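Numbering (the numbering used here), first residue to last: 4 to 201. Here the structure is laid out as structure tokens; the discussion comes afterwards.
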């Protein structure tokens, strides 16, 4: 999943959210570097990604994308699902998405001294372009996918992936709904287990 989903799946736990955001940016003995709740977030992030990668509904969506986008279908699916989470945000969280996004940026800035440098570089773009909110709009997803396409080694065609989303919107929305319900249940359980174990 992408940044908005990882933020949401931190269940309003600030330190867990920090860890959930940096999960792709840290390696090595994380429990020697970060406090317990941040480690919970990092491990939760990795659990979420693994669950997502193996979920049959996600695989079905990726299979649909593969003929046109090849190996980049998994990245595009993550972006699509963040779009649907943002678009239907009011169904999932009581706080307006813009407020949630700004609160998240503020929280990260308060912890920036302990966060990886490579993450903070990405975060500057995230905040400047308000990724967490812009993912909820088709134009925001178009800009994000176009930006990603410029950084890929091969011809990803991600710059036109927003067209595929528009043309298959209802099918993909239903896939998101089916998958995300399972993901929330899984993540809540893992969150509770990790909080008690780590």
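Yeah, the Cβ is synthetic: ideal placement off N, Cα and C, and Gly gets one too. Just so we're clear, the structure is a prediction, and the values are computed from it rather than from any experiment.
Assigned secondary structure, residue i (DSSP; H/G/I helix, E/B strand, else coil)
i: residue 50; result: helix
i: residue 37; result: coil
i: residue 119; result: coil
i: residue 199; result: helix
i: residue 24; result: helix
i: residue 114; result: coil
i: residue 171; result: coil
i: residue 160; result: coil
i: residue 177; result: helix
i: residue 148; result: helix
Closest residue to residue i among the options (Cα-Cα distance)
i: residue 10; options: 33, 48, 175 and 36; result: 48
i: residue 163; options: 150, 179 and 187; result: 150
i: residue 130; options: 148, 154, 109 and 118; result: 109
i: residue 152; options: 68, 57, 50 and 79; result: 79
i: residue 106; options: 135, 148 and 81; result: 135
i: residue 5; options: 55, 35, 31 and 175; result: 55
i: residue 92; options: 140, 74 and 112; result: 140
i: residue 157; options: 72, 57 and 59; result: 72
i: residue 222; options: 81, 195 and 199; result: The structure shown does not extend to residue 222, since the chain spans only 4 to 201, so no value can be given for it.
N-terminal and C-terminal residue of the alpha helix (DSSP H) that residue i is part of
i: residue 155; result: It is not in any alpha helix (DSSP H) - residue 155 carries neither H nor E in the DSSP assignment.
i: residue 9; result: 6 to 11
i: residue 133; result: It is not in any alpha helix (DSSP H) - residue 133 carries neither H nor E in the DSSP assignment.
i: residue 83; result: 76 to 90
i: residue 59; result: 59 to 72
Cβ-based neighbour list, residue i, same chain, cut-off 7 Å, excluding 5 preceding and 5 following
i: residue 96; result: 11 and 103
i: residue 197; result: 43, 46 and 47
i: residue 8; result: 84, 85 and 88
Close-in-space but distant-in-sequence residues of the same chain around residue i (CB under 6 Å, 5 per side omitted)
i: residue 122; result: 25 and 28
i: residue 202; result: Here the chain covers residues 4 to 201 and nothing more, so residue 202 does not appear.
i: residue 201; result: 39, 42 and 43
Proximal residues to residue i (C-beta, below 8 Å), its chain only, five neighbours per side dropped
i: residue 45; result: 22, 23, 25, 26, 29, 33 and 37
Residue-chain proximity (residue i, chain D), Cβ-Cβ < 8 Å
i: residue 150; result: Among the chains of the structure shown, chain D does not appear; only one protein chain is present.
Contact the region 63 to 71 vs the region 15 to 24: 3+ CB pairs below 8 Å:
Two segments are said to touch when three or more pairs of C-beta atoms, one from each, lie closer than 8 Å; by this definition the region 63 to 71 does not touch the region 15 to 24.
Inter-stretch contact (C-beta, 8 Å, three-pair minimum) for the region 40 to 49 and the region 168 to 179:
no
Count the CB pairs spanning the region 80 to 93 and the region 144 to 159 that are closer than 8 Å, and state whether there are at least three.
yes
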